[in-house]
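In my numbering, the protein residues as written are 93 to 233.
Take a look at the structure below.
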Amino acid sequence: MMGRTLNLILFAGSTASLIVNWIWVNLPFSSMGLRGRQGVLFGDFTLLQTFLLPHPYLVLWVTGFILQSVSTVLLLLTSVGPKRYVGILLMSSGVVTTILATLIMWRWLFSFNLFVMYALGLLSGLTPIALGFVHLISPRN
């Protein structure tokens, strides 16, 4: 019974993290704090729109999003008990998304104006790492 409850909590957390990730890449730069000349140039664009240009960061975002989506579905399907590979998939997706958020911070020179963008990126990356860790250390049935 404890395993199912934990899987449900992990599923809810992973789903919430996927939603934050989707919001992170679809918010316009102007709503994430970009002002001034850069705000005029990039204000209506989103991270996803910039990724869809020939951009190498698209591979990182798609990889992290797919890994977390697969692990979220597997959390729902593994009702027998926790499986080790689900925790590893969750942690892998979090590592990839955290690397992406760090690269984006580095690309924008850690500008404090984009704190909201950095916070959403790190939240969507660090949450699956924490959930995967909890999944791996949870007691086995």
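Here a beta-carbon is modelled for each residue, glycine too, at the ideal position from N, C-alpha and C.
Sequence-distant residues of the same chain with beta carbon closer than 7 Å to Phe103, five excluded per side:
Thr164, Leu167, Leu168
With 16 other CB atoms within 10 Å as the buried threshold, where does Trp116 fall?
buried
Let me confirm a value: Pro220 is counted as buried when at least 16 other C-beta atoms fall within 10 Å, else exposed. Which label applies?
buried
In the DSSP assignment, find the alpha helix (DSSP H) that holds Phe137 and state where it starts and stops.
Run containing Phe137: none; DSSP gives neither H nor E here.
For Pro120, which of helix, strand or coil comes out of DSSP?
strand
What residue from Pro120, Tyr210, Ser106 has the CA that sits closest to Ala222's CA?
Ser106
Please determine, among Gly95, Leu159, Gly125, the residue with the shortest C-alpha to C-alpha distance to Leu206.
Gly125
DSSP state of Pro146 mapped onto helix, strand, coil:
coil
Taking DSSP as the reference, what is the three-state secondary structure of Leu201?
coil
Using a 10 Å radius around the Cβ and a threshold of 16 neighbouring Cβ atoms, would you call Ile196 buried or exposed?
buried
So is Asn118 buried or exposed if we call it buried at 16+ other beta carbons inside 10 Å?
exposed
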